[in-house]
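Heads up, the thing below is written out as structure tokens.
Residue numbers (the UniProt record's numbering): 1 to 84.
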């Protein structure tokens, strides 16, 4: 997770799922959708005024949504972006 402060009142995030993760675009987009949904779950708790970029690793292939959501929570807490 790369984080930068910005002037907008909302938090914005981007997700990078490279071709190294999976060769097929359909699979890469599915992983991206899972990541987007997991961040959307925590969005009310995330501090405003930040931009974040998530870089994925190959381990995402073996994870289900629950595991991705737990990892997302750990990552956001570690970065200090969750308000509670």
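For each residue, glycine too, the CB sits at the ideal point set by N, CA and C.
>> For residue 42, tell me which candidate among 2, 19, 62 and 12 has the shortest Cα-Cα distance.
In response: Counting from 1 along the chain shown, the entry for residue 42 is found at position 42. Closest by alpha carbon: 12.
> Looking at C-alpha atoms only, which residue of 23, 20, 81 and 24 is the closest neighbour of residue 88?
Replying inline: Because the chain here runs from 1 to 84, residue 88 falls outside it and cannot be looked at.
> Under a three-way DSSP split, which group does residue 12 fall into?
Replying inline: Residue numbering aside, residue 12 sits at position 12 when the chain shown is read from its first letter. In the three-state scheme derived from DSSP, where H, G and I count as helix and E and B as strand, residue 12 is classed as strand.
> Which runs of the beta strand (DSSP E), 3 residues or longer, sit entirely within the segment 36-60?
Replying inline: 50-55
> Since residue 28 contacts residue 21 with CB under 8 Å, what's their CB separation in whole angstroms?
Replying inline: By one-based count along the chain shown, residue 28 stands at place 28. By one-based count along the chain shown, residue 21 stands at place 21. With 8 Å as the limit, residue 28 and residue 21 qualify as a contact, their Cβ atoms being about 6 Å apart.
> Quick one: what's got a C-beta closer than 8 Å to residue 7's C-beta in the same chain, skipping five residues either side?
Replying inline: Working through the chain shown from its first residue, we reach residue 7 at position 7. Closer than 8 Å at the Cβ level, and outside the excluded window around residue 7, lie 49.
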